[in-house]
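Numbering (this note's numbering), first residue to last: 1 to 478.
Take a look at the structure:
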């Protein structure tokens, strides 16, 4: 941010120098009105201050060396002479003076006065856009950041549109204008990129950041975000992230290096499946001066198989093994079934696993499957929902809906007696671990849920009656 502030000062200082050649009226002989003569090349009309007192007060303000004091005197001059012919020049000097002293609040105030008269004043647009951007980045409420960065983006876009014409304003030599433009445009691109990034318009944000000053840490890092936050990611984001790390290192910004590296490793591991190759990639990218071709990036960073691809491979590997599909662990069978809708290959893999459960394990309903170590998530009237996989247990997310088999009444002990009603099922406590036995009848892949019918819970363990030892008899007295 300090670098941006310096660039703003440079841009406005150049502007002030350019304007000084057109706004320093020469004293006239005797009581002749003072006139402001622009350079001949500018071909701008002559400006004349007719009142000698007004002229002298303008010259005093203009010749003040301290930028902050000059800004105040220009404001005072404008307050006294609101209709002065030198109004635009005085506003320019006031704005640049406040900016040079770091007084962004007063600089923005003057900039807004300029824009009220000249909406296309690109240097005033720069000040207002940067002030709005600064306030947006200071917010902690995401809604406020989104709204305020959007305002900054709109002003920055306007400034870029004005600069895109390439036409220097009256009184500014083309050479000076080109210098200003080269300094201002990257700042406005960075501000516009920030607003688009908050909207998650990653493509447009990336386009803006590519035209910003990438020696600025925030711009370099946010460019990488525009490529690593979308789904799917762009591998160029890893390369730009390494460049951002390099900028932070050059600034001796240890905290920045650590934050960016941590983020990069997490994204790399998610994409690649592990951190293997990360250090080698960082070393290679630091030595490169241009972004490698996509094919080269794909060779450097290979993509980890997706859950859909893993599900198909699990079945292929099982079919190639002696035990076949029956040896796939039940949680892995669930993962294969969950990916059924990914592709035709996943559908075929899921059918093989489901056939194994229904026909091989359950003998078409004649046998029951017992699952131990399931976690009770919810208890209903004659039903329980349990979690089988470790992830679902940790998230308290059910993946099996068990319909319990109702116990039958016992026949009467003697003729004419009433049947003995069945003992009520003792339901396990929510959060406890148990085992269930039953027949899988169906499943839904998303959200995943098995349905198990004819469910049984473990029989309650009967407490053993206490064993009473006879009291020891005392010895008889002799």
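Ideal Cβ positions, reconstructed from N, Cα and C, are used throughout, including at glycine.
Just to confirm, are residue i and residue j a CB contact at a threshold of 8 Å?
| i | j | result |
| --- | --- | --- |
| residue 433 | residue 400 | no |
| residue 438 | residue 369 | yes |
| residue 457 | residue 404 | yes |
| residue 67 | residue 101 | yes |
| residue 137 | residue 85 | no |
| residue 195 | residue 229 | no |
| residue 220 | residue 243 | yes |
| residue 112 | residue 128 | yes |
| residue 115 | residue 124 | yes |
| residue 425 | residue 402 | no |
| residue 58 | residue 77 | yes |
| residue 73 | residue 64 | yes |
| residue 371 | residue 330 | yes |
| residue 356 | residue 326 | yes |
| residue 320 | residue 328 | no |
For residue i, which three-state DSSP category applies?
| i | result |
| --- | --- |
| residue 95 | helix |
| residue 12 | Below a pLDDT of 50, predicted positions are generally treated as unreliable, and residue 12, at 47, falls in that range; no measurement from the model is reported. |
| residue 438 | strand |
| residue 85 | coil |
| residue 48 | strand |
| residue 212 | coil |
| residue 418 | coil |
| residue 174 | helix |
| residue 165 | coil |
| residue 430 | coil |
| residue 328 | coil |
| residue 309 | helix |
| residue 406 | coil |
| residue 41 | Note on residue 41: pLDDT 32, under 50, position unreliable in the model; the coordinate value appears next. Note: residue 41 maps to helix in three-state DSSP. |
| residue 291 | coil |
| residue 102 | coil |
| residue 195 | helix |
| residue 137 | helix |
| residue 109 | helix |
| residue 121 | coil |
| residue 24 | Residue confidence for residue 24 is low, a pLDDT of 40 falling below 50, so the modelled location carries little weight; the figure read from the coordinates is stated next. Three-state result, residue 24: coil. |
| residue 66 | coil |
| residue 494 | With the chain covering 1 to 478 only, the question about residue 494 has no answer from this structure. |
| residue 223 | helix |
| residue 481 | For the chain, the structure presents residues 1 to 478; residue 481 sits outside this window and is missing. |
| residue 229 | coil |
| residue 151 | helix |
For residue i, write down the residues that DSSP places opposite it in a beta bridge.
| i | result |
| --- | --- |
| residue 443 | 450 |
| residue 302 | None; residue 302 has no bridge partner. |
| residue 456 | 437 |
Distance cutoff 8 Å, beta carbons only. Does residue i sit that close to anything in chain C?
| i | result |
| --- | --- |
| residue 240 | Going by chain labels, chain C is absent from the structure shown, which holds only one protein chain. |
Does the structure place the region 238 to 253 close enough to the region 211 to 226 that three or more beta carbon pairs sit under 8 Å?
yes
With three or more beta-carbon pairs closer than 8 Å as the criterion, would you say the region 256 to 273 touches the region 196 to 211?
no
Using 8 Å as the threshold, is the region 85 to 95 in touch with the region 128 to 135, meaning 3 or more CB pairs across them?
In the pairwise beta carbon analysis, the region 85 to 95 is classified as not touching the region 128 to 135: fewer than three pairs are separated by under 8 Å.
Specify whether the region 348 to 364 and the region 387 to 395 touch according to this definition: at least 3 beta carbon pairs, one from each stretch, less than 8 Å apart.
No, the region 348 to 364 does not touch the region 387 to 395.
Does the count of Cβ pairs from the region 297 to 311 and the region 332 to 340 closer than 8 Å reach three?
yes
Quick test of the definition: if touching needs 3 or more C-beta pairs under 8 Å, does the region 266 to 275 touch the region 225 to 238?
yes
Using 8 Å as the threshold, is the region 433 to 448 in touch with the region 372 to 386, meaning 3 or more CB pairs across them?
yes
Mind pulling the beta strand (DSSP E) runs of 3 or more residues that sit fully within the region 336 to 404?
Correct list: 369 to 379, 383 to 387, 400 to 404.
Validate contact between the region 180 to 191 and the region 157 to 167 using beta carbons, cut 8 Å, 3 pairs
yes
Residue ranges of each alpha helix (DSSP H) run of no fewer than 4 residues wholly in the region 231 to 262, ordered along the chain?
236 to 250
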